[in-house]
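Student: Numbering (full-length UniProt numbering), first residue to last: 1 to 289.
Ideal Cβ placement from N, Cα and C applies to all residues, glycine included.
Keep in mind that this is a model prediction, so the values were computed, not measured.
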């Protein structure tokens with residue numbers, strides 16, 4: 001997926017464990033069929049998972065997750081993969097890595113959540129927003145929406161002939177006219193999309209992959225409305241999370257910007273991510289009709 005991606009396999013995981021965490025070295029290691037773009041995931045025994053960043057940026061997330069996720073977990077209403085151990089570069093692998101708890105569940109299809117799931121996502125978002133922000137780091141998506149204008153329009157140019165870029169550009173321009181955030185930055189997950197949540201029986205069962213977490217405009221986590229929910233459940237989510245018109249407009253802009261960049265970058269290298277991004281763009285443009 002990335003030109004500078006570091007290759008991994010189960011044999012590497014076994015060597016790293018043997019050298020750094022020998023108590024786990026005899027457990028079976030199996031690659032997980034994930035479409036994630038930052039980490040390669042390996043199941044370790046029945047209850048653990050090993051996460052090996054594919055690129056340097058993912059390695060930088062390890063320290064953030066190990067410091068902050070245990071503190072946040074006790075305040076969140078759904079399970080999260082609290083890290084258990086941090087590995088260091090070795091065996092020819094150049095990045096920091098981690099071992100965390102395995103959480104059972106299935107990733108939902110884009111836009112498939114019902115009203116109950118929408119209420120669950122809102123409950124998670126609101127609980128995260130209430131967490132203490134003292135000394136917290138900026139989120140991966142902590143910049144003002146307007147700071148993404150150049151990159152978003154570059155993505156639009158790259159997708160000419162692939163999507164209705166004229167309509168998408170109009171929606172993006174509308175989002176940029178939304179009033180800026182007035183209150184303080186809050187804790188956000190930063191990437192609430194299908195590969196980063198788990199469901200059971202149609203309800204949220206866990207939230208995973210906190211590599212983008214940190215302080216930002218609360219509108220950032222509203223991308224869940226378009227990535228995870230159809231139109232009816234999206235309305236439930238907006239009501240439950242209490243988003244006013246300006247915040248919702250910024251959230252739509254965030255969802256569109258992220259999806260445009262994802263479709264442009266992963267169109268040929270990650271079909272699942274590209275399909276999800278197309279879905280999000282389609283949902284947003286349908287609202288604009």
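Suppose contacts are defined by Cβ-Cβ distances below 8 Å. Is residue 124 in contact with residue 205 by that definition?
Tutor: no
Student: If the criterion is Cβ atoms closer than 8 Å, does the pair residue 137 and residue 215 meet it?
Tutor: yes
Student: Regarding residue 248 and the ligand COA, is the C-beta to nearest heavy atom distance less than 7 Å?
Tutor: Among the components of this structure there are no ligands whatsoever, and the ligand COA is therefore not found.
Student: How big is the Cα-Cα spacing for residue 30 and residue 10?
Tutor: 7 Å
Student: Looking only at its own chain, which residues have a Cβ that is under 6 Å from the Cβ of residue 80, when we skip the five neighbours before and after it?
Tutor: Correct list, in chain order: 73, 207.
Student: Considering only their Cβ atoms, is the gap separating residue 220 from residue 131 smaller than 8 Å?
Tutor: No.
Student: Based on DSSP bridge pairs, tell me the residues matched to residue 198.
Tutor: 206
Student: Alpha carbons only, please: which of 62, 163, 111 is nearest the one belonging to residue 97?
Tutor: 62
Student: Tell me the rounded alpha-carbon separation between residue 295 and residue 103.
Tutor: With the chain covering only 1 through 289, there is no way to say anything about residue 295.
Student: By Cβ distance below 7 Å, which residues in the same chain neighbour residue 194 in space, the five residues on each side in sequence not counted?
Tutor: 107, 108, 109, 110, 227, 228, 276
Student: On the criterion of 16 or more Cβ atoms from any shown chain inside 10 Å, does residue 180 qualify as buried, or is it exposed?
Tutor: exposed
Student: Is the beta carbon of residue 20 closer than 8 Å to that of residue 105?
Tutor: Note that the C-beta distance between residue 105 and residue 20 is not below 8 Å.
Student: Below 8 Å between beta carbons: does that hold for residue 285 and residue 209?
Tutor: no
Student: Check whether the Cβ atoms of residue 176 and residue 146 sit closer than 8 Å, and answer yes or no.
Tutor: yes
Student: Figure out for me which residue from 230, 249, 244 has the closest Cα to the Cα of residue 280.
Tutor: 230
Student: When burial is assigned at 16 or more other CB atoms within 10 Å of the CB, is residue 154 buried or exposed?
Tutor: exposed
Student: For residue 29, report the span of its beta strand (DSSP E) as first-last.
Tutor: 29–31 is the extent of the beta strand (DSSP E) around residue 29.
Student: Would you kindly check if the distance between the Cβ of residue 26 and the Cβ of residue 211 is under 8 Å?
Tutor: no
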